[in-house]
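Colleague: Under our numbering, the first residue of the sequence shown is numbered -1, with each subsequent residue one higher.
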Amino acid sequence: TQQTVAILGGGISGLSAAYYLSKSSPKTKILLVEGSKRVGGWINSQRVSPGFHASTSSTKSTSNDDILFEVGPRSLRPVGAGGAAILGMANDLQLQNEMLFVSKSDPSAKNRYIYYNGEINTLPNSLSSLLLKQPPVFKSVLKSILSEPFVNAGSGQDESLYSFVSRRFNDHVALNLVGAVTHGIYAGDAKQLSVKSTMRMLYDAERSSGSVIKGMLASKPSTPIPKVEQAIIDELNDPDITKTTSVFGFRNGTETLSNELKNWLQQQPNVTIITNKHIKKIDKTADGNSMKIYSDNASVCVDHVISAIPSRKLDPLLTKDNALVNLTVNPSVNVAVVNFAFEEDVDLKYNGFGFLTPHPDSSCQLPVPGTLGVVFDSNAMYGQENAQNSKLVKMTVMMGGHMWNKTFGGVQPNKLDPQIAFERASKALGVYLGITQKPKFSMANVLQECIPQYIVGHESRLGELHQDIKHKYKHLLSVTGASYLGVSVPDCVKNSRLLVNDLLDKGALG
Ligand code: FAD
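1) When you compare each of Ser145, Leu173, Asp156, Ile112 to Arg166 by their alpha carbons, which one comes out closest?
2) Spatial neighbours of Met199 within its chain, please: C-beta separation below 7 Å, excluding the five flanking residues on both sides.
3) For Tyr451 versus Val331, is the C-beta spacing smaller than 8 Å?
4) Are the region 324 to 341 and the region 125 to 145 touching by the rule of at least three beta carbon pairs closer than 8 Å?
5) With DSSP collapsed to three states, give me the class of Val100.
6) Can you give me the C-alpha to C-alpha distance between Val193 and Asn295, rounded to a whole angstrom?
7) Can you check whether the CB of Phe248 is closer than 8 Å to the CB of Val100?
8) Taking the alpha carbon of Leu234 as the point to measure from, which residue in Asn89, Ile453, Leu175, Val336 has its own alpha carbon closest?
9) Spatial neighbours of Asp489 within its chain, please: C-beta separation below 7 Å, excluding the five flanking residues on both sides.
10) Go through its chain and collect everything with a Cβ distance to Asp187's Cβ below 6 Å, but skip five positions before and after it.
11) Around the Cβ of Leu215, are there at least 16 other Cβ atoms within 10 angstroms (buried) or fewer (exposed)?
12) Here's the rule: buried if 16 or more other CB atoms are within 10 angstroms of the residue's CB, otherwise exposed. What is Thr283?
13) Determine the contact status of Ala339 and Leu390, defining contact as a CB-CB distance below 8 Å.
14) What's the call for Pro24, buried or exposed, on a 16-neighbour Cβ count within 10 Å?
15) Taking the runs of the alpha helix (DSSP H) that are 4 residues or longer, which of them lie wholly in the region 90 to 134?
16) Please look up how many angstroms separate the CB atoms of Ser53 and Pro437, rounded, as I've assumed it's under 8 Å.
17) On the CB-based measure, 16 or more other CB atoms within 10 Å of its CB, does Cys299 come out buried or exposed?
18) My output table needs one value for Gln417: the three-state DSSP class, helix, strand or coil.
19) List the whole-angstrom C-beta distance separating Thr478 from Leu497, where the pair is believed to meet the contact cut-off of C-beta under 8 Å.
20) By alpha-carbon positions, which one of Val69, Pro237, Leu91 ends up nearest to Val335?
21) Using the Cβ count rule (16 or more neighbours within 10 Å means buried), how would you classify Gly116?
22) So, for Val3: in the same chain, excluding its five sequence neighbours on each side, which residues have a beta-carbon less than 8 Å away from its beta-carbon?
23) Flag Leu98 as yes when its Cβ comes closer than 7 Å to any non-hydrogen atom of the ligand FAD, and as no otherwise.
24) Taking Cβ positions, are Pro356 and Tyr160 nearer each other than 8 Å?
25) Are Ser73 and Ala378 touching if we call contact CB-CB under 8 Å?
26) As a quick exercise: from Phe439, Asn349, Lys413, pick the residue whose alpha carbon is nearest that of Pro105.
27) Under the three-state reduction of DSSP, which class applies to Thr240: helix, strand or coil?
28) Out of Ser360, Cys448, Lys392, which one is the CA nearest neighbour of Ile112?
29) Leaving out five residues before and five after Gln132 in sequence, what residues of the same chain have Cβ atoms less than 8 Å from its Cβ?
30) Taking only the alpha-carbon atoms, compute the straight-line gap between Asp313 and Gly505 and give it to the nearest angstrom.
31) Where are the alpha helix (DSSP H) runs, 4 residues long or more, that stay fully inside the region 397 to 441, in chain order?
32) Find the nearest neighbour of Ser14 within the set Ser494, Lys290, Leu501, judged by alpha-carbon distance.
33) Identify the continuous alpha helix (DSSP H) that holds His464 and give its terminal residues.
34) Once DSSP output is grouped into helix, strand and coil, what is the label at Phe67?
35) Quick check: the Cα distance between Ile10 and Ser256, rounded to an integer number of angstroms?
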């Protein structure tokens, strides 16, 4: 008999699960249910007209004078199985002409900055620059690199990134370098995030070589690529792309990918997409052989549910008897995202990707607290604007994250006026970059609980969760999405693909 699978959530994780399932198992009926009016989740690319736009709900512009602003993800990394999966998917969807590739030799790939002690520091991008010209933020770094191989290995227990790096290197590296990197990826706190779940290669290097540096220099990688992932990498038509490309994106923004996935899915006879329908409850049927999903005014029986919604949103959908452990342990941070485009005469002195700020416990004073970093979009991804706008200087200020309460004086994200976020971000541009001109285009969005934080112990909690799912739901329920095994878009695509393969292999579906 034909099986029906419900996929909850039409972000990139849910869309990808539907895509791979539809391709591998054309006989399975797939019902993708999305609560909001649009698919894509945090992927949100807007073309807007000149002026200020508060939030994006009604800003879609049709004029020729518009500019592309990314609210969510903007640059995708082509590395590993995630990179290969997403490149393969884009190929299958025939998006080659929509894609933009930034070469590893591009200044934006080479030049990255950290704000430290009153100035923007350029990070060394080669061994010679590391040895010859160390910026102030790199002061004690070389010494800590040289002594790291002699530091005894830890117990192997999960710990925070800060704890790991300050133990093996020093406090300065942990707060000012790693603290800044975690602002860039998670808008998160290096003192809370798990080393095992966010920078696995560091953890594995200590386990296998006794040292991060020795692990990096070892002939064998400390974190071997699992077979199932290598198989995805081996499928790539053009493996050179991953070697020469730093990041890639889309001419019309990342939303091209989610929209084209939706269009492809809508053409498949085995797929139905329903938007604007919130799932309110899911449960096993009385005989325990199938699942029932409920919206406000309807319910439907299915053979399997793939939850691709955030774990904390899955929790309230479950009945008391079949509640699952650990879904709400990890917090998610709020981020204010403010996009700017200035006339070309604005003097952005830096030809690189953007700058990040150190952890707030760093001795370095941050003149505008709560600024996580600024992406120089017109450097980092060019080719998204028409000739008339191609010289505009675009950038995005990200604020809040784990520092939300200090950033906006305790105002909760649902109460924050985007105009206030815009003013704060404008101040940050003035103080950090000396840019005080009025932007030609600008937009402010407050993203609530947008990035899950894999806090210490995440991996073992995930193990318990999977046990609990197996115990309570057998093969009726599975989970994917940014809450579990990686927050990047390529990770979301990869993990949905691996989940679908696994379910088909186990005979749970298809
Ligand atoms: P989501 O996008 O959260 O999708 C979940 C979907 O489920 C949503 O559409 C939601 O409406 C729906 N839903 C929730 N509850 C229900 C319900 N009860 N019933 C039905 N539907 C429901 N990654 C990169 O790789 N590169 C970047 O440059 C990058 N930049 C980022 C910048 C920002 C500001 C943010 C926030 C993230 C960024 N990321 C980036 C990370 C990446 O965008 C996200 O982790 C990823 O898009 C998450 O996808 P998802 O499908 O797992 O979850």
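Glycine included, each C-beta is placed from N, C-alpha and C at the ideal position.
Modeller: On the basis of the coordinates in this document:
1) Here the closest residue by C-alpha is Ser145.
2) Ser220, Thr221
3) Going by the sequence as given, residue 451 is Gln instead of Tyr. Result yes, Cβ atoms of Gln451 and Val331 sit closer than 8 Å.
4) Touching, no, given that fewer than three Cβ pairs across the two stretches are closer than 8 Å.
5) strand
6) 44 Å
7) The beta carbons of Val100 and Phe248 sit no closer together than 8 Å.
8) Asn89
9) Gly80, Leu483
10) Listed in chain order, the non-local C-beta contacts of Asp187 below 6 Å within the same chain comprise His400, local neighbours out to five positions each way being set aside.
11) exposed
12) exposed
13) yes
14) exposed
15) 105 to 108, 125 to 130
16) In fact, because the Cβ distance is near 17 Å, the residues do not count as touching under 8 Å.
17) exposed
18) helix
19) 5 Å
20) Considering only alpha carbons, the answer is Val69.
21) exposed
22) Leu19, Thr26, Lys27, Ile28, Leu29, Val300, Asp301, His302, Val303, Ile304, Leu507
23) no
24) no
25) yes
26) Asn349
27) Of the three classes helix, strand and coil, the one that applies to Thr240 here is helix, per DSSP.
28) Ser360
29) Pro122, Val139, Leu140
30) 26 Å
31) 402 to 405, 416 to 431
32) Ser494
33) Taken as a continuous stretch (DSSP letters only), the alpha helix (DSSP H) holding His464 covers 456 to 471.
34) Under the three-state reduction of DSSP, Phe67 is assigned to strand.
35) Distance between the alpha carbons of Ile10 and Ser256: 6 Å.
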